[in-house]
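Below is one structure; the comments refer to it alone.
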Amino acid sequence: MNPLIALAVLMGTAFTMPLFEKAGLKPARLIFLAALTLLLVISGGILVNLLNGSPDLEVATAGFKAPFSINFRIGLAEAAVWSAAALVLLIGGSYMIHREEDGMYDRMLYLVLALGVTGLILTRDLFNLFVFLEISSIAVYGLIGRGGERSLQAGFKYMIAGGISSILFLIGTVFLYRLTGTLNIDGMAAAAGSGSLAGTVGASAVFILAISMLIELKPFPANGWALDAYQEAPSGIGALLSSAQASAVFIAFTKISPLFGDRLAAVLGGIGMLTFFFANLMGMRQKDEKRMFGYSSTGQIGLVIFAWFAVRGTGMPETAAWFIVGGLLLTHLFAKAGLFWLSGLADKSKGEGGNGFLHKVLPSALAGIFVMSLLALPPFPSFFAKMELVKLLVTGGSWWILTALFLGSLFEAAYLFTWLVKKTKAECTDGGADTVNGDSLVVGKRAGPDILTDSPAAEVSSLLKSSTSLWVVIPALALGGLSAAWAYMAGVFNVIAMAPFAAALLMLLLAFLPGRVRGFLAVLVSAAAAWWIWPRTEGIDQIFAMLFLGGGSLNLFAGLYRKDRRPGFWAFSLMTVLSLGALVLARTPLEIFMAWEVMSVGAVLIALQGKRAAGPARTGMLFALGGGYLLMTVLMSIGTTTVLSPAVAAILVVIAFLSKSGALGLHVWVPGSYAEADNDATSLLSSVISKAGIWAMMIFSIRILPGIYGLDGPELWLQAFNSGPFSFLSGILGWIGVLTALVATVVAVFQEDIKYTLAWSSISQLGYIILAFSLFDHFGWTAAIYLSINHFLFKAMLFLAITGVIYRVKTRLMYKMGGLIAPMPITFITVLIAIIALAGVPPLSGFGGKWLVYSALIQGGRPVQAALAMFSSGIAFLYLYRLIHSIFLGQRKDDSLGIKEAPFWLILPQIVLIALIMLISAFPTVILKPIIAAVGELMPAVIGFEGSTLMSAIGYWNGSWVMYVTMGVFMIPLVLLLIGTGRKTRKVKQFNIVFAAERPYRPETTHYAHNFFAPYRKALGSLMNPLGRKFWEGSAGGVTAVSSAFRRLYTGNGQTYALHIVLFTMAAALFAGVFA
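Residue numbers for the sequence shown follow the numbering used here, so the first one is 7 and each next one is one higher.
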């Protein structure tokens, strides 16, 4: 296929469009789309040929070969970007027609822009490149300026910047032609290699040419004109500017990059990173979404520029270089175009009186795909590309650049995820959703528009009727295909790694089915994964696989109590549970990190399904990404010549995992995420997903960290943590754990909202697990794993029981409950057993867990931490007593009359959990023997069973006999009491206060539960000072203040923007040594 045919068709169709217009609007549109389709067919055909092994395509013109004629060269990189740009141009053309923004001149300019984009990608002649650059620029000026007065002003500012760039380009071209005697880019590169461009004149000419092209790529701070254009241009034109046109200019930029010296390349790469950092910093304060997308676009192109020059000097193969650069560029090309189109379609749907196009399942899923791909999350190409880029920076010891990369990525995540939540989150739930009613939290059956605003059939019908709405799916499909390709090249395109994404996609595609049908499917898939993964794991991995997948399946079953469709919940819950399975099977650093990122982001998306979870979910996303970046740094240092110091590597890993577990200081996202998530989802988050950080710390301690420094092995790794380079961690983690337990317990005591009480309780209990883990011995790790399993059992029981309570009484405030023991007896029993286990008193398994951790601490020489842990356990009795008293005892409120037991779907998992906790309480050997054996494979065993008695150096514990004695003490008197009273017992009704001879005026007067522990505030209230939250809020406030200050650079004045370009050019010349 000859690419000259595409150029001829585009040019001919553009100039003959007035003739087609006379034949009618439909024929003109048909010819317009046919020309764009032909462009896609030709570019796609060439790409297929190259993928099949054909050599690079060389096309000469005028019957002569280069340098005597203009030549085109199409390698795999050019073909891939050209095909992607052609696809975007075709979809953009359809979008423009759909929006009825396609006057005759618009179609003409659009085809001219397609012509310019094609030429920029293909040509190898410098002056011809200038011609195509001018062609595309003229088309852009016209398309931007046709939207009104403000658009015309933006187009004029774009023209000023383009004019300056053109002048510099021509000056550079003239001097380069004078020095090399050719306009062929390859000929110039050869001449530069032979020294023709040595000296001040040659360096200046190359710099002028480079800076002219760089201006077209919109670098900071000389990009205010571009941001104005993004803001004022129609969404369809903004999509092309940020994707096809920017990508074409970048490809042209890479063609002339062989002319650049090392110093100039370093300066240009630095400008790219500065652009990425500052564009995203300033984007955090942007409210206009098109301008916000503009900030993101300039930042992403800046990152691509940096990546290009980062790989340029490494000598890596071209395929490996384009794995990084192409992954970033193609992801941005499709994702940013998709975001602009969705934004425009959403505006139109609102203008037509709709409730928001993006609130529907398919558009919201597309928006999520585009945003997540820009944030470089798995499985998108940008994820693999950024990992390799980080590896390059770690290898080179470029820590400051790596810091700028991570901070810029966090800034971008902050505003893009905020936009995603704002635009797509449907404020709806059924039966368990929280709404604000005065100063109280009340639950309503429907609290806003459903995420599927129409019936399933109606939604599918509306999508099919809108050709452009359906076409916007194509960029997402393209990203899916590219994701598969990059995963295959990275070596992780397998069932285990891809299953979470396939499951989430399946759940979203089946969103039209009833919720319980999809729920049953999710439970079956999760259970099947557990059955398949269980025999493929061993030791600690097998224990946690049981917890992750078994516990996940049980929690998914509980979600069946809701009848609504819940498309997001089922998709993200199943994805997260399967990612936990992939995590325990992962062995390579890439597999571990990929599964960890999916799990972390999935947990945030689960929490986001709650009605008022937007704020906590945003915070959770930033902590998930921040922890992921720290983890990525350590993992990417494996196998490189630049190895992190053991202390730094250990600290980074610990921060990453403690942020997931919600340790003190890194906990600020946890209470809100747990409390504001859907009620049943909180159980999954707290009882199952929170243990991922514990498992990860153990696995990294055993396999990853010691392996980096050659200390892997049964004895070496343990020595490294007890007396070697990681020994400092033990004490630090111990104090973090015990302080987390203490502070979180105190805060839980003073909560009025039952879900916040249990959320803080969950943080506290994880503090005990971290404390036990910090011992790095057989006793401590046995206690940590046993506590993890216990935490799963009693936290799942509590959250599922409270889910049923909230579902029935329609409030989360404890002082508005009371007297529920009669209508909800099974729920009461569940909560009673759970709080006994949580309190750590006989006869349940919680007592064994506390005995293990206290004994391990004392044996490990930590009496102070043991004392504080015991003190924290004593304080926990306060909120546990309030929990049972406020909800189930006392007088029932008028609003609670007539309620009944929780739904079957919630009760059955509670019964299963009760059976499990009674089993391991009566027969602790069932679970403790496998734990002791698994930990014993890693370190010398110091505890063990003699019969049914667990023996240690400082004591023993027989859980079975504790159960028998305790139950006997309670059950025998109870049986005697029942026998003695016989038939004399009678049920006391609500208003019968027995022998007081009076009737209470209202139930509330006999049941006090509000501000329950007010007297304790004087003693313990100081521990509630939210220092952690204040620190993070202050940090965020400082960042946004800096963002606002830098945004003042952009005044909207075209002359100021021209001055920015001149000053930017001079500064770049100074750093590049042009004046030397």
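Even glycine gets a Cβ: it sits at the ideal position worked out from N, Cα and C.
Note that the structure is a prediction, hence the values are computed from the model and not measured.
Which of helix, strand or coil does DSSP assign to residue i?
i            : result
residue 499  : coil
residue 817  : strand
residue 131  : strand
residue 314  : helix
residue 466  : Bear in mind that a pLDDT of 49 at residue 466, under 50, signals an unreliable position, so the model cannot answer this.
residue 259  : helix
residue 572  : coil
residue 38   : helix
residue 897  : coil
residue 11   : helix
residue 63   : strand
residue 759  : strand
residue 964  : coil
residue 796  : helix
residue 1078 : helix
residue 439  : Residue confidence is low: residue 439 scores 38 on pLDDT, short of 50, so the model does not pin down where it sits. Its coordinate-derived value is still stated next. Three-state DSSP puts residue 439 in a strand.
residue 486  : helix
residue 1059 : coil
Determine the contact status of residue i and residue j, defining contact as a CB-CB distance below 8 Å.
i           : j           : result
residue 653 : residue 785 : no
residue 216 : residue 274 : yes
residue 670 : residue 742 : yes
residue 958 : residue 948 : yes
residue 17  : residue 121 : yes
residue 65  : residue 134 : no
residue 545 : residue 940 : yes
residue 630 : residue 610 : yes
residue 208 : residue 185 : yes
residue 583 : residue 532 : yes
residue 243 : residue 150 : yes
residue 112 : residue 81  : no
residue 770 : residue 878 : yes
residue 264 : residue 326 : no
residue 281 : residue 300 : no
If we count the other Cβ atoms within 10 Å of its Cβ and call it buried at 16 or more, is residue i buried or exposed?
i           : result
residue 204 : exposed
residue 460 : Unreliable positioning characterises residue 460 in this predicted model, as indicated by a pLDDT of 43, which lies under 50. The coordinate reading is nonetheless provided below. Residue 460 should be labelled exposed.
residue 268 : exposed
residue 471 : Residue confidence is low: residue 471 scores 49 on pLDDT, short of 50, so the model does not pin down where it sits. No coordinate-derived value is stated.
residue 594 : exposed
residue 369 : buried
residue 320 : exposed
residue 500 : exposed
residue 447 : Residue placement at residue 447 is poorly supported in this model, since its pLDDT is 38, which falls under 50; the coordinates are not used for a value here.
residue 457 : Because the pLDDT at residue 457 is just 36, under 50, the model does not fix this residue reliably, and the value given afterwards should be weighed accordingly. Residue 457 should be labelled buried.
residue 606 : buried
For chain C, check one thing: does any of its Cβ atoms lie closer than 8 Å to the Cβ of residue i?
i           : result
residue 875 : Protein chains in the displayed structure number just one, and chain C is not present.
Can you tell me the Cβ-Cβ gap for residue i and residue j, rounded? I've got them flagged as a contact below 8 Å.
i           : j           : result
residue 222 : residue 255 : 5 Å
residue 279 : residue 410 : 6 Å
residue 895 : residue 827 : 6 Å
residue 171 : residue 248 : Rounded, the Cβ-Cβ distance is 18 Å, inconsistent with contact.
residue 535 : residue 487 : With 8 Å as the limit, residue 535 and residue 487 do not qualify as a contact, their Cβ atoms being about 25 Å apart.
residue 400 : residue 620 : That pair is no contact at about 35 Å.
residue 164 : residue 147 : 6 Å
residue 418 : residue 381 : 7 Å
Looking at the secondary structure, which residues open and close the beta strand (DSSP E) in which residue i lies?
i           : result
residue 950 : 950-952
residue 955 : 955-957
residue 78  : 77-80
Let's see if you can read the secondary structure: which residues bound the alpha helix (DSSP H) around residue i?
i           : result
residue 727 : 722-728
residue 239 : Residue 239 -> no alpha helix (DSSP H), and no H or E assigned at all.
residue 58  : Segment: none, residue 58 is in no alpha helix (DSSP H) and carries neither H nor E.
residue 613 : 595-614
Could you tell me whether any non-hydrogen atom of the ligand NAP is closer than 7 Å to the CB of residue i?
i           : result
residue 183 : The model depicted lacks the ligand NAP and carries no ligand whatsoever.
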